[in-house]
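> If you scroll down you'll find the structure; I have some questions about it.
Protein chains: 2
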Amino acid sequence: MYDCLVKHQLATQDYIKSIAKLSLKEGVDVVKLKWMALKLNVTNAAVSDMVKKLVKEGLVINHAYKGIELTDQGWFMGRRLIRHHRLWEVFLHTTLNVPWDEIHEEAEHLEHAASDALMNRIDEYLGFPTTDPHGNPIPNGDGTLSFNANEQSLNNVSDGEDYVVTRFESLDATYLQYLTHHGFAIGVSVKVVKRFDFDHSVLIDMAGGSLQLSYQISQQIFVVKSMD
Amino acid sequence: MYDCLVKHQLATQDYIKSIAKLSLKEGVDVVKLKWMALKLNVTNAAVSDMVKKLVKEGLVINHAYKGIELTDQGWFMGRRLIRHHRLWEVFLHTTLNVPWDEIHEEAEHLEHAASDALMNRIDEYLGFPTTDPHGNPIPNGDGTLSFNANEQSLNNVSDGEDYVVTRFESLDATYLQYLTHHGFAIGVSVKVVKRFDFDHSVLIDMAGGSLQLSYQISQQIFVVKSMD
DNA sequence: CTTTTAGTTTTAGCTTGCTTAAAATTTGCT
DNA sequence: AGCAAATTTTAAGCAAGCTAAAACTAAAAG
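Order-wise, the sequence lines are chains D and L. Position one of the first sequence corresponds to residue 0 (numbering that gives the first Met the number 0), numbered consecutively onward. Position one of the second sequence corresponds to residue 0 (numbering that gives the first Met the number 0), numbered consecutively onward.
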């Protein structure tokens, strides 16, 4: 019934999605195998091994010792999985009221299980949302993905100016709970009042009061200039 | 990330669910390995092999050469999967309007991907349905499963009396399309007007006209005496 | 009570995706 | 340029779940 196909496909899909996400996140085409190993929690050797198979299937290009890159076909598969994942997140959050910090984990499994036809139905049911509950853009059914070019990481913006939160990049449940607890959400206004060079942390001001964010956290919060 | 656990669990789950379904369908405790092999589309050897592992995990009892039986723990897992499957079917059908004949296939994949917590949310969202769109009962969250003791297969009922359709047992998409096309659905009134001994087919009467059903089909349609 | 037939189990071997260990290559630093 | 550290690749091997084929068991039929 599944001939190791399920497993195989699952592994393939997870690898492709990881390459796509790392590529988008780091803003580069070529992804280091080490990043993959860390992200998927396997050894470098396992990644190197799998890369051979992905190359054989025409999904990635291997620049020996330099890193890997998705082919057009690989990108198509990657965006499809990201689309499935983010649509499930919207659905779980808006329709079933699953808490913000639990949806990622649940969607991680559902993304592999649903057909394209079903995802299109869910897309329609949800009214064709453009972003997921973390603010990440949702690829279209045809495989296109648009970005907000004006977005900046919170640790890169100018001090003293007003910004609006647009996106939280892949933060785990613990961080999301922490941020929610302190009043953070998509659309909230924030301002950097002080930055500390020794650890690159920032002190920010928002409706709920002020808050100190580590470099790691502020880096994953994206904002645009306030229109006020 | 998944250590071959995903594959393992998927296989385990499919085997357990199949044993549970065959056991319920045939009304016996002990299931022949051959049935499993046919259902899962693998060789007898593969089933025999897997049975060893399931025994080791305490999920089944192997009556050597006679067949296998689920332990209490095995039954619990089996009913859980049946619950997931049927809840997804209701959801797909009532909320997303996925056609009757497509929901089984889609649910087959989703049932493995969702957590118990999510299924409970979906159960609540759907208003705690008691049967799926094919009329099959949905096990409770605590693992109990109730039957309609008055149900009879359409090829066992008395000629000339009025009955109401309550359940379609695991019919594939083609049959479901066929039946829908001829006006069959849960709650429809039917009457057996004639039965043919040579092939055990039956001629039935219903609102939309009369229809000849083969033994194989009539056997999978369940009804109760009409209350009119 | 033996033979036939149907179903079960064992054996040997395959593929996938993983591991560890060691070898090869690149990169960064002086 | 040259060496050390980091990364990538290869090699050998393991577990899961499958197949094919051979060996076995049970039960029905003569």
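We put the beta carbon where it would ideally sit given N, CA and C, even for glycine. All values derive from a computational prediction rather than experimental measurement.
Determine, using beta carbons only, whether D/L53 comes closer than 8 Å to chain L.
No, its Cβ sits nowhere closer than 8 Å to a Cβ of chain L.
> Grab me the residues of D/I137's own chain with a C-beta within less than 7 Å of its C-beta, minus the 5 sequence neighbours each way, in chain order.
For D/I137, where only same-chain residues beyond five positions count, the Cβ hits under 7 Å are R82, R85, L86, P128, T129, T130, D131.
> Under a Cβ-count criterion, where at least 16 other Cβ atoms within 10 Å of its own Cβ denotes burial, should L/Y64 be classed as buried or exposed?
That one is exposed.
> Tell me which residues of the stretch 97-110 of chain L have at least one Cβ-Cβ distance to chain D shorter than 7 Å, keeping chain order.
Correct list: V97, E105, H108, L109.
> Please check if any C-beta of chain D sits within less than 8 Å of the C-beta of L/S152.
No, because no Cβ of chain D sits closer than 8 Å to the Cβ of L/S152.
> Would a check of beta-carbon distances place L/I236 closer than 8 Å to chain D?
Residue 236 of chain L is absent from the structure shown; chain L starts at 0 and stops at 227.
> Helix, strand or coil for D/Q215, going by three-state DSSP, please let me know.
D/Q215 falls in the helix class under three-state DSSP.
> I think L/T70 touches L/L58, with their Cβ atoms under 8 Å apart; what is that distance to the nearest whole Å?
Going by Cβ atoms, the distance from L/T70 to L/L58 rounds to 6 Å, so yes, they are a contact pair.
> So, is the C-beta of D/S169 closer than 8 Å to a C-beta in chain L?
Taking Cβ atoms only, chain L never reaches closer than 8 Å to D/S169, which makes this a no.
> So, is the C-beta of D/S114 closer than 8 Å to a C-beta in chain L?
It does; some Cβ of chain L falls within 8 Å.
> Which residues, in chain order, does the stretch 122-139 of chain L contribute to contact with chain D at a C-beta distance below 8 Å?
Within the stretch 122-139 of chain L, the residues whose Cβ lies closer than 8 Å to some Cβ of chain D are Y124, listed in chain order.
> On the three-state DSSP scale, how would you describe L/F90?
DSSP places L/F90 in helix when its eight states are reduced to three.
> Quick one: Cα of D/G186 to Cα of D/T93, how far?
Approximately 16 Å, taken between the alpha carbons.
> Since D/L80 meets chain L, which of its residues come closer than 7 Å, beta carbon to beta carbon?
What D/L80 touches in chain L: nothing, since even the nearest Cβ is about 13 Å away.
> From L/M0 to L/V191, what does the alpha carbon distance come to, in whole angstroms?
Note on L/M0: pLDDT 34, under 50, position unreliable in the model; the coordinate value appears next. Approximately 56 Å, taken between the alpha carbons.
> What are the boundary residues of the beta strand (DSSP E) that D/Y162 is part of?
First-last of the beta strand (DSSP E) with D/Y162: 161-167.
> May I ask you to report which of helix, strand or coil DSSP gives L/T199?
First, the amino acid is wrong: residue 199 of chain L is His here, not Thr. If DSSP states are grouped into helix, strand and coil, L/H199 belongs with coil.
> Under the rule that 16 or more other beta-carbon atoms within 10 Å means buried, what is L/A10, buried or exposed?
With 16 or more other Cβ atoms within 10 Å, it is buried.
> Can you name the residues of chain L whose CB is closer than 8 Å to the CB of D/L21?
What D/L21 touches in chain L: nothing, since even the nearest Cβ is about 15 Å away.
> Taking 8 Å as the cut-off, decide whether the C-beta atoms of D/K38 and D/S22 are in contact.
Going by C-beta atoms, D/K38 is not nearer than 8 Å to D/S22.
> Jot down the residue ranges of each uninterrupted beta strand (DSSP E) in the stretch 120-176 of chain L, minimum 3 residues, whole runs only, in chain order.
Here the runs fully enclosed are 161-167.
> Please classify D/S213: is it buried, with 16 or more other beta-carbons within 10 angstroms of its beta-carbon, or exposed?
It is exposed - the Cβ of D/S213 has fewer than 16 other Cβ atoms within 10 Å.
> Determine whether the Cβ of L/L202 lies closer than 8 Å to any Cβ atom of chain D.
Answer no: the Cβ-Cβ gap between L/L202 and chain D never drops below 8 Å.
> Does any C-beta atom of chain L lie closer than 8 Å to the C-beta of D/L95?
D/L95 counts as touching chain L.
> What do you get for D/V27, buried or exposed, if any count of 16 or more other CB atoms within 10 angstroms of its CB means buried?
When all chains shown are included, D/V27 counts as exposed.
> One question on the structure: do L/F221 and L/E160 come within less than 8 Å of each other, judged by their Cβ atoms?
Cβ atoms of L/F221 and L/E160: not closer than 8 Å.
> For L/K224, report the span of its beta strand (DSSP E) as first-last.
From DSSP, the beta strand (DSSP E) with L/K224 extends over 220-224.
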